[in-house]
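Chains E, F and P supply the protein sequences, listed in that same order.
Counting in my numbering, the first sequence runs without a single skipped number right up to 466 at its last residue.
Counting in my numbering, the second sequence runs without a single skipped number right up to 466 at its last residue.
Counting in my numbering, the third sequence runs without a single skipped number right up to 466 at its last residue.
One structure below.
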Amino acid sequence: MKNQYLAWIVFSIIIAFVLFSAFNTTEAGDQKDSFTMYSETRDIEGLKIAVNLAWTLLCGFLIFNMQAGFAFLGAGFLQKKNTLNYLTMSFMDFCVGALIFWAFGFALMYGGSSLASGLEKGNAFIGFSGFFLAGNAYDFSTSSVWLFHMMFAVATCTIIAGAVAERFKFHVHLIYAMILCGFLYPVFGHWVWGGGWLAHLPFGSGMKDFAGGGVVHGMGGVMAFVGAWMVGPRFGKYNPDGTPNIIHGHNLSYIALGTLFLLFGWFGFNAGSTLAATDLRISIIATNMFLSAITGAITVLYISYFKTRKSDTVMTCNGALAGCVAITASAAYVPHWAAVIIGITAGLILKASLHIMEFKLRIDDPVGAISVHGANGLWSLLTVGIFADGSYSEVKGLITGSGWQLLAQFIGLVTLLAWSLGTGYLIFFLLKKTIGLRVPVKEENTGLDLYEHGLNCYSG
Amino acid sequence: MKNQYLAWIVFSIIIAFVLFSAFNTTEAGDQKDSFTMYSETRDIEGLKIAVNLAWTLLCGFLIFNMQAGFAFLGAGFLQKKNTLNYLTMSFMDFCVGALIFWAFGFALMYGGSSLASGLEKGNAFIGFSGFFLAGNAYDFSTSSVWLFHMMFAVATCTIIAGAVAERFKFHVHLIYAMILCGFLYPVFGHWVWGGGWLAHLPFGSGMKDFAGGGVVHGMGGVMAFVGAWMVGPRFGKYNPDGTPNIIHGHNLSYIALGTLFLLFGWFGFNAGSTLAATDLRISIIATNMFLSAITGAITVLYISYFKTRKSDTVMTCNGALAGCVAITASAAYVPHWAAVIIGITAGLILKASLHIMEFKLRIDDPVGAISVHGANGLWSLLTVGIFADGSYSEVKGLITGSGWQLLAQFIGLVTLLAWSLGTGYLIFFLLKKTIGLRVPVKEENTGLDLYEHGLNCYSG
Amino acid sequence: MKNQYLAWIVFSIIIAFVLFSAFNTTEAGDQKDSFTMYSETRDIEGLKIAVNLAWTLLCGFLIFNMQAGFAFLGAGFLQKKNTLNYLTMSFMDFCVGALIFWAFGFALMYGGSSLASGLEKGNAFIGFSGFFLAGNAYDFSTSSVWLFHMMFAVATCTIIAGAVAERFKFHVHLIYAMILCGFLYPVFGHWVWGGGWLAHLPFGSGMKDFAGGGVVHGMGGVMAFVGAWMVGPRFGKYNPDGTPNIIHGHNLSYIALGTLFLLFGWFGFNAGSTLAATDLRISIIATNMFLSAITGAITVLYISYFKTRKSDTVMTCNGALAGCVAITASAAYVPHWAAVIIGITAGLILKASLHIMEFKLRIDDPVGAISVHGANGLWSLLTVGIFADGSYSEVKGLITGSGWQLLAQFIGLVTLLAWSLGTGYLIFFLLKKTIGLRVPVKEENTGLDLYEHGLNCYSG
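Quick look at the structure:
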């Protein structure tokens with residue numbers, strides 16, 4: 007009954023947050039005469055604020071729809087008996103993740119960035135203002151940045167959920183989702199986007215990650231690697247001689263549909279990252295992302311076809327997603343032809359990474375999250391240093407003849423790897439030694455739906 | 007063959023509307039030189055109109071996507087043999103509902119509100135201008151308000167469809183959808199949003215329902231209560247001793263996915279209700295709605311878990327929706343910490359209401375619509391009077407030390423209950439005594455898909 | 007092993023494009039100091055550009071979601087054994103179609119339109135600037151037009167995919183998708199939208215197709231007709247005496263859901279076609295589209311019901327889509343009452359066309375694409391000439407007392423038919439004589455999922 011205490015602890019922490027928050031913000035009404043908060047805009051500056059606010063929110067809503075994409079995609083990859091478990095994991099991780107990001111994470115990440123009202127305090131390593139979106143952070147500008155970037159934070163958890171699916175304990179997933187969104191993700195995010203030290207590297211324009219190719223996908227993918235490694239492969243995945251078995255997904259149509267919803271949301275993920283429609287680069291960003299996605303898919307389709315004479319649907323979908331990931335750090339900086347090259351390389355990296363995970367490292371990743379998000383997320387950071395053409399924010403990659411940006415990106419990549427592997431190992435190790443990561447093997451065979459949730463996904 | 011005549015009547019009414027409309031609007035081209043209608047905007051005031059128009063439309067489109075959410079959600083909750091029936095009910099009710107709302111309902115609701123061109127005539131009890139969006143109401147401003155609020159009207163029907171599913175006659179559902187969207191909903195809506203008497207109560211700021219927590223969800227839920235009660239429980243739901251049986255949904259993955267689509271659309275539902283992006287409150291509204299949704303889900307998950315040691319996916323999804331409903335009337339008025347409290351209370355109310363419906367009143371509600379939308383919709387009205395912090399539109403709840411707004415909300419709640427219960431009972435009673443509400447028990451056992459639609463949803 | 011060479015050729019062409027493009031655009035950075043490209047807008051003119059850019063992009067994203075609609079819809083109509091095949095066809099056709107439209111198609115279509123930067127060169131018959139979005143076409147304005155209209159181009163392919171499903175070779179579908187998006191569609195599109203000769207007909211306002219009722223849906227539907235005819239009916243569809251058998255779809259819930267996603271995206275398809283939110287007509291467009299969709303659905307529902315006493319879900323969904331198609335060319339020009347009439351006629355045309363295809367011409371169209379998109383796409387062109395009320399862009403139909411516009415529309419219709427039937431026949435004939443259009447009958451019976459993709463869609 008260890009889980010019982012655990013759940014009580016989680017619930018108590020949440021209640022404590024709320025009470026603290028209520029206490030902390032009863033005087034919030036005081037700021038109510040600030041122009042920015044409620045009144046209609048009156049001049050062109052105000053109208054511009056409204057336009058950019060609407061853009062940020064609408065793109066944020068689109069990113070939320072990626073949760074439907076993750077849900078479809080992951081569910082399709084898994085066995086029937088674990089469908090409900092994955093759906094609940096990927097649903098609840100954004101619930102607890104978003105709540106903790108509201109309470110803590112956002113303040114650690116964007117404190118000191120001065121990106122919106124109430125985010126003044128912070129240093130090069132961590133932020134410390136904006137807790138609970140209270141006080142001066144109770145403002146339309148701060149809520150809008152929170153909403154958009156909360157969607158990023160929770161996506162990181164959902165990426166991990168896919169890699170550890172079909173054998174991971176449900177409540178342990180929620181615990182590390184809270185740790186991730188409350189601390190690990192915000193700290194690294196602060197270094198890159200919150201005015202931290204990586205953003206101010208003295209090489210190139212400092213390390214650049216336009217829409218989270220590294221911060222979100224790289225980190226999620228690397229942590230998924232640690233999690234999948236430490237929880238071990240699914241029972242029956244590997245034979246005694248080390249050769250892998252294929253465990254088919256129960257509904258491949260969900261994979262295709264999930265991919266489409268992810269692409270739909272990804273437009274918001276990338277183009278919305280300007281936080282402004284008045285930054286006219288948004289159409290080039292969206293076009294780059296789409297070009298990279300489709301070439302990723304095409305590359306993987308034809309590679310598979312040449313090898314097997316079959317057109318592999320599932321791989322093709324992952325190829326499109328790999329293309330999206332690989333361009334995410336660089337979508338604003340590179341020309342269209344480079345987006346096509348990046349998509350092709352993403353497909354190649356995906357294939358190579360999947361091979362290494364499955365056959366060399368023998369890490370069991372049911373949905374391919376490590377290869378799609380991790381390997382291509384890291385590659386995404388380098389694409390900035392290689393393909394940036396200097397036409398946006400003065401970011402100049404190798405193709406302009408300068409290697410400094412690539413150096414900055416490489417430092418960012420190494421830091422990301424060190425932070426994610428280090429803290430990821432620590433968290434999963436502690437959880438393994440205390441509560442345990444894995445459901446009993448008997449329950450794994452019966453299916454996690456019955457064990458964790460008490461019923462099956464399909465009936466009748 | 008009574009249904010045959012019925013269908014002819016419905017169809018004839020529709021044709022009559024169209025002909026009347028055509029006759030009534032042939033001179034519509036006369037207004038075509040009005041600035042607001044077609045030409046490009048030329049100055050900042052025009053640009054502001056365009057920005058708010060785009061915001062309203064895009065949010066309206068998002069709300070339409072909630073129909074996909076309702077369709078998934080409801081279908082997942084039901085037995086395989088009734089899937090098609092529910093999908094067709096929830097599809098066709100917005101078709102006939104929207105058509106009648108175009109012809110009649112909108113004019114009754116917004117006539118006299120002067121919210122857009124051609125909506126001048128109306129009194130405190132009912133509106134009477136804007137029929138068929140014709141005459142002066144043939145204008146971009148009126149179309150945009152119509153499109154947005156039509157989405158609200160038809161959502162009310164779809165809420166009811168879930169509660170009466172698996173035993174209700176298909177064509178009778180369409181008939182009350184027409185009555186609801188053509189008369190019942192618009193009248194109450196007029197009192198709250200069309201410049202009617204509830205909006206002008208001399209307490210607080212008058213009764214406030216920001217985005218339809220009461221008008222849409224409360225009314226839909228209360229009518230669902232009347233409908234589910236009068237049609238009676240599904241055959242086999244209750245044992246002779248009055249104890250209920252659980253009838254499992256046939257595909258719980260549809261429930262999780264439907265919930266995600268509903269949340270996606272709900273951003274538009276709430277944040278779009280400003281009808282203006284220049285009302286910068288939109289980001290606070292969206293954030294509040296999301297915080298309430300996730301705490302609703304978390305609350306229900308842990309309550310269920312403490313009781314049963316299982317993490318109930320289905321209840322969690324309904325918890326998220328209950329959180330959305332409970333904040334819908336108050337999303338613009340309350341601070342973030344209150345949104346969290348509202349989400350928690352929504353979860354508790356959901357659990358209590360489900361228990362009362364299932365075990366005490368023995369009303370069979372297959373999808374939980376009464377508890378999610380009805381109970382929490384009513385609660386939503388009160389949250390305005392309790393948690394409004396005075397930072398928006400001068401609406402001040404108990405937490406600012408004033409009880410007047412709560413009084414106004416309470417009057418609104420009582421009015422809503424009286425109107426919905428009274429007219430709902432009348433409609434369902436008349437339909438029951440004439441055409442009958444319920445399919446024959448033999449057909450109910452075979453499944454409504456075969457009976458009403460002639461084929462099964464799944465084959466092969 | 008003919009397919010092997012084929013795939014190599016396709017892949018080589020793609021690589022060649024990319025290299026050419028890279029070579030061609032390395033100097034693209036030169037334009038980077040142009041105002042329009044990266045910097046924030048500074049005055050009202052700049053802000054207006056930003057607003058319209060955001061509108062165009064967001065509507066473009068919505069159109070992308072139609073791919074999810076097509077995927078659901080088509081998959082639901084088909085047999086279980088061909089699900090994966092259709093999903094992969096409809097996924098990959100937009101991948102290869104979009105890539106070729108980036109390289110070639112867009113330049114042929116919009117060159118000479120001067121709609122955005124770098125699109126200056128072209129004549130009345132074809133455009134020739136903007137290849138690879140390179141040179142001067144590497145600009146935010148051009149990317150935005152490309153992104154929006156690429157979504158239109160690829161929709162054409164997906165329409166065809168449905169009509170030829172369950173027996174067509176996968177890679178052959180990709181080949182004609184490339185030909186279609188790279189040449190056939192852009193050429194006709196240039197005549198209508200790229201400043202070509204149809205746009206400048208000396209009758210009425212020239213031929214008008216507001217959002218692609220003819221260009222996209224008409225062309226796609228007519229080509230689907232040619233393809234379905236030349237590939238022949240599915241094995242078992244027709245008995246030796248010529249009477250058709252019904253082949254039920256394997257999951258009708260997918261059809262209802264797909265229809266909802268298509269309607270959701272269709273708002274963007276039509277209202278976005280202004281490419282400007284400052285064109286305030288957008289709300290009237292969206293309202294017209296919705297009114298036509300719902301009356302299409304209602305009409306078909308009741309017609310079916312009167313005949314069979316059953317409420318046909320599948321037909322109703324197609325009725326809604328037929329309504330959308332029929333208004334697509336005219337959504338901006340007609341008053342609301344006409345939209346209702348157009349929806350009713352769309353339902354009637356759908357029923358008639360389905361009957362003719364199934365029983366008279368014996369063309370096997372598993373999803374009804376020819377009737378939904380083809381028949382109603384052609385009708386859509388005429389609706390402009392009949393119902394335009396002169397309130398937008400001075401387009402005046404019969405109801406204003408003038409027949410000139412109808413003449414222009416008729417010429418456009420005949421041209422569309424001639425071009426689509428002619429080139430469609432040529433392409434499908436050549437493909438049939440060389441590679442062959444159809445999978446072996448044995449493989450058709452086993453299912454294309456196993457044959458083309460090596461695994462089944464569902465397992466466990």
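Every residue gets a Cβ at the ideal spot worked out from N, C-alpha and C, and that includes glycine.
Only a predicted model underlies this, so the values are computations on that prediction, with no experimental measurement involved.
Contact list for residue i against chain P, beta-carbon separation under 9 Å
| i | result |
| --- | --- |
| residue 121 (chain F) | Correct list: empty, because the minimum Cβ distance to chain P is about 13 Å. |
Within-8 Å CB hit, residue i to chain P
| i | result |
| --- | --- |
| residue 98 (chain F) | yes |
| residue 57 (chain E) | yes |
| residue 69 (chain E) | no |
| residue 334 (chain F) | no |
| residue 73 (chain F) | yes |
| residue 144 (chain F) | yes |
| residue 60 (chain F) | yes |
| residue 290 (chain E) | yes |
| residue 385 (chain E) | no |
Local conformation of residue i per DSSP, three classes
| i | result |
| --- | --- |
| residue 257 (chain P) | strand |
| residue 174 (chain E) | strand |
| residue 402 (chain E) | strand |
| residue 339 (chain P) | coil |
| residue 242 (chain F) | coil |
| residue 372 (chain P) | coil |
| residue 353 (chain P) | helix |
| residue 395 (chain E) | strand |
Interface flag, residue i vs chain F, CB-CB below 8 Å
| i | result |
| --- | --- |
| residue 259 (chain E) | no |
| residue 256 (chain P) | yes |
| residue 286 (chain P) | yes |
Contact with chain E by residue i, beta-carbon distance below 8 Å
| i | result |
| --- | --- |
| residue 149 (chain P) | yes |
| residue 307 (chain F) | yes |
| residue 437 (chain F) | no |
| residue 314 (chain P) | no |
| residue 372 (chain F) | no |
| residue 110 (chain P) | no |
| residue 114 (chain F) | no |
Cβ-Cβ separation, residue j to residue i (assumed contact under 8 Å), whole Å
| i | j | result |
| --- | --- | --- |
| residue 405 (chain P) | residue 416 (chain P) | Contact doesn't hold; Cβ gap of about 16 Å is too wide. |
Where residue i meets chain F, residues with beta-carbon distance less than 7 Å
| i | result |
| --- | --- |
| residue 209 (chain E) | Ordered by position in chain F, no residue passes the 7 Å Cβ test against residue 209 (chain E), which lies about 35 Å from the chain. |
| residue 101 (chain E) | 300, 303 and 304 |
| residue 319 (chain P) | 90, 93, 94 and 459 |
Contact list for residue i against chain E, beta-carbon separation under 7 Å
| i | result |
| --- | --- |
| residue 89 (chain P) | 259 |
| residue 250 (chain F) | Simply none; closest approach about 16 Å. |
| residue 152 (chain P) | 293 |
Within chain E, the residues that residue i reaches when beta carbons sit closer than 8 Å
| i | result |
| --- | --- |
| residue 463 (chain P) | 257, 258 and 259 |
Chain F residues whose Cβ lies nearer than 9 Å to that of residue i
| i | result |
| --- | --- |
| residue 50 (chain E) | 50 and 53 |
Interface partners of residue i on chain E, CB under 9 Å
| i | result |
| --- | --- |
| residue 328 (chain F) | The premise fails here: residue 328 (chain F) is roughly 13 Å from chain E at the closest Cβ pair, so nothing lies under 9 Å. |
| residue 432 (chain P) | Simply none; closest approach about 26 Å. |
Which complete beta strand (DSSP E) runs does the stretch 78-162 of chain P hold, if anything under 3 residues is left out?
Entirely contained in the stretch 78-162 of chain P, not one beta strand (DSSP E) run reaches 3 residues.
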